[in-house]
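Asker: Encoded as structure tokens, here's the structure I'll be asking about.
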Amino acid sequence: MLLECYPSIIVVTLFPAIGALVTGLAVILMIVLILLIRKKSRELEKIEGTNPLDAWSSCLKKGQEGSSTIFDRFTYRQMKKATRNFGTVLGGGEKGTIFKGKLSDGSVVAIRRIESSPKQGQLEFCKEMELLGRLHHRHLVGLKGFCLTRFERFQVYEYMENGSLKDHLHSSGKRLLPWKNRIQIAIDVANALEYLHFYCDPPLCHGDIKPSNVLLDRNYLAKLAVSGLVQCSNGDSTTISSTLVNVKIPATPGYVDPCYVVNQVVTPKSDVYSYGVLLLELVTGKPVAQGDDDGNGDSSSRSSSKNLVEWSRELIGTDYRLHELVDPAVADAFDLDELQVMADVIHWCTHRDGAARPSMKQVLRILYERLDPLSGGLARAVAGEEGYYYGGWQSGRKGKEGAEMLAGGGGDGGRCLPSSSSTSRSYCSRSVLLECNSPEEAPPQSSPRGLP
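Numbering (full-length UniProt numbering), first residue to last: 1 to 452.
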């Protein structure tokens, strides 16, 4: 009855009340939303740090004029999105966990996630990124960018489809790595080290040459992973600079230069030693740390008390046993001439005296001259004038059959390494020996795969 008498009064008072209630709720929701956004922003600021970009800008200002750094700086959100909340793990180790990611432009990358260390501040990390960003070489894994937060750091590298050399040599379920691919990988890594030692300013040493740091793309082109490089000079008095990047050598057992263990001084010859060990793994397919004797009497398994280098010296110093070095997986497909070249380089690079080892420029020259068919004949001719030569057997004899002919005296001549006490002169041609006094000379440009 009352509603029928005063309908207009009720409508007038009810609608404004509802409107005020809705407006109040909207204001409250807006305030809550703003508070949530501010809270989230503070959390992200806490993760990403206060002013990492300022440190990066300062780092760039101190960089060398004319240097070229081509990479991006990513945000934490981008890293999280690219890896799908860090879901796909490719591997990991002391240097951090590596994830597979996909950037907004569709490119597939490998993202290394590193926890911040008190030993390396933001500025030092930025300096390292600037240095890595200036390294451009076909056989170095390219740095695409980085992300710097308060608690974590990320390095974004190009993705290598075929994983690491370690995966192919030592992992269970590994795919066979043909002999020719192993030879080419040896040349690829030598190219990368020559670039670091001779064509970077300042010269750089890698310090951690091992199969897990050699990555293979879809075409099995080998690239060297570069992280934690150290500054060095090309002289024998090389010292570490504490003003550039990490100065502690990772010191992976089996790959470490014996000279470095004694004097704690890193030189290019330290990389040369590790490179020689890497070649030995390529040839033998064996890990540096050998297992116990399996009891079958095979000399290749009797190495429980020796490392791989010590074990190999017995075989390299004996002509008729040289073929025992070869990985059984490719025992019927290797080339004897190429095996001899690899054995010579291994023996020279792993010399206990660092001063007696070759430079990477010399190593690369040897590999080009003796493994490249276009220049091999010329190298043998030059060596013949000096009264020593690269090997007397005919090129093209493969695997065990050729090794049996060698053991039975079927070769046309002798090896250039009759014993482990041979001098380094036996390893190289006149051009290599002369190169000792001209380190700036560039290597030949021809190669089996058009290398730089």
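Ideal Cβ positions, reconstructed from N, Cα and C, are used throughout, including at glycine.
What you are looking at is a predicted structure, and each value in this text was computed from that prediction instead of being measured.
(1) DSSP on T97, reduced to helix/strand/coil?
(2) Please name the residue, chosen from G207, K180, N219, N213, that lies closest to M342 on a Cα-to-Cα basis.
(3) Apart from the five residues just before and just after M129, which ones in its own chain have a Cβ nearer than 6 Å to its Cβ?
(4) Identify which residue in K223, T23, I185 has its Cα closest to the Cα of A196.
(5) When the Cα atoms are used, what is the spatial distance from L336 to L371?
(6) E161 by DSSP, collapsed to three states: which one?
(7) Which runs of the beta strand (DSSP E) at least 3 residues long sit entirely within the region 167-222? Give them in chain order.
(8) Under a three-way DSSP split, which group does K80 fall into?
(9) Does K39 come out as helix, strand or coil in the three-state DSSP assignment?
(10) DSSP on D344, reduced to helix/strand/coil?
(11) Just the C-alpha distance for N234 and P358, rounded to the nearest angstrom, thanks.
(12) Between the Cα of A355 and the Cα atoms of P287, V266, A329, which residue gives the shortest distance?
(13) With R112 as the anchor, note down where its beta strand (DSSP E) starts and where it stops.
(14) What three-state label does DSSP hand C257 in the structure shown?
(15) Going by DSSP, name the residue or residues bridged to residue 453.
(16) Which whole-angstrom value describes the C-beta separation of M160 and V189, a residue pair presumed to lie in contact below a C-beta threshold of 8 Å?
(17) Going by CA-CA distance only, name the one from E314, L25, R352 that's closest to V261.
(18) Assign A383 to one of three DSSP states: helix, strand, or coil.
(19) Going along the chain, which residues of its own chain have a beta-carbon closer than 7 Å to the beta-carbon of I18, five neighbours each way excluded?
(20) Within the same chain, show all residues whose beta-carbon is closer than 7 Å to that of T88, passing over the 5 residues directly before and after it, in chain order.
(21) Contact between the region 267-280 and the region 204-224: three or more CB pairs below 8 Å?
(22) Just the C-alpha distance for F86 and Q184, rounded to the nearest angstrom, thanks.
Answerer: According to the data block:
(1) Here residue 97 is taken as the residue at index 97 of the sequence shown, counted from 1. T97: strand per DSSP, three-state reduction.
(2) The residue you call residue 342 lines up with position 342 of the sequence shown. Among G207, K180, N219, N213, the Cα nearest to that of M342 belongs to K180.
(3) Walking along the sequence shown from the start, residue 129 turns up at place 129. Same-chain partners within the cutoff: F146.
(4) Working through the sequence shown from its first residue, we reach residue 196 at position 196. Going by the sequence as given, residue 196 is Leu instead of Ala. Of the candidates K223, T23, I185, the one whose C-alpha sits nearest the C-alpha of L196 is K223.
(5) On the sequence shown, position 336 is the one that residue 336 refers to. On the sequence shown, position 371 is the one that residue 371 refers to. Approximately 11 Å, taken between the alpha carbons.
(6) The count along the sequence shown starts at 1 and reaches residue 161 at position 161. Correct three-state label for E161: coil.
(7) 214-216
(8) Counting from one through the sequence shown, the residue named residue 80 turns up at place 80. Three-state DSSP puts K80 in a helix.
(9) Here residue 39 corresponds to residue number 39 of the sequence shown, with the count starting at 1. Here DSSP, grouped into helix, strand and coil, assigns K39 to helix.
(10) In the sequence shown, residue 344 corresponds to position 344, counting from 1. Correct three-state label for D344: helix.
(11) As a position in the sequence shown, residue 234 is number 234, starting the count at 1. As a position in the sequence shown, residue 358 is number 358, starting the count at 1. Its pLDDT being 48, under 50, N234 is placed unreliably by the model, and nothing is read from it.
(12) In the sequence shown, counting from the first residue as 1, residue 355 sits at position 355. The residue with the shortest Cα to Cα distance from A355 is V266.
(13) As a working mapping, residue 112 is identified with position 112 in the sequence shown. Its beta strand (DSSP E) spans residues 108-115.
(14) Counted from its first residue, the sequence shown places residue 257 at position 257. Checking the sequence shown, residue 257 turns out to be Asp, not Cys. Looking at D257 - three-state DSSP - the assignment turns out to be coil, as it is neither helix nor strand.
(15) Residue 453 lies beyond the residue range present for the chain, which begins at 1 and ends at 452; the question has no answer from this structure.
(16) Here residue 160 refers to the residue found at position 160 when the sequence shown is read from its first residue. Here residue 189 refers to the residue found at position 189 when the sequence shown is read from its first residue. That pair is no contact at about 14 Å.
(17) Here the question's residue 261 lines up with position 261 in the sequence shown. Ranking the options by Cα distance to V261, first place goes to R352.
(18) Here residue 383 refers to the residue found at position 383 when the sequence shown is read from its first residue. Reliability of the predicted coordinates at A383 is poor, the pLDDT of 48 falling under 50, and no value is obtained from them.
(19) Position 18 of the sequence shown holds residue 18. Closer than 7 Å at the Cβ level, and outside the excluded window around I18, lies no residue.
(20) In the sequence shown, residue 88 corresponds to position 88, counting from 1. Closer than 7 Å at Cβ, skipping near neighbours: F99, K100.
(21) As far as the Cβ criterion goes, the region 267-280 touches the region 204-224, which means the pair count is three or higher.
(22) The residue you call residue 86 lines up with position 86 of the sequence shown. The residue you call residue 184 lines up with position 184 of the sequence shown. Near 34 Å, if we compare the C-alpha coordinates of Q184 and F86.
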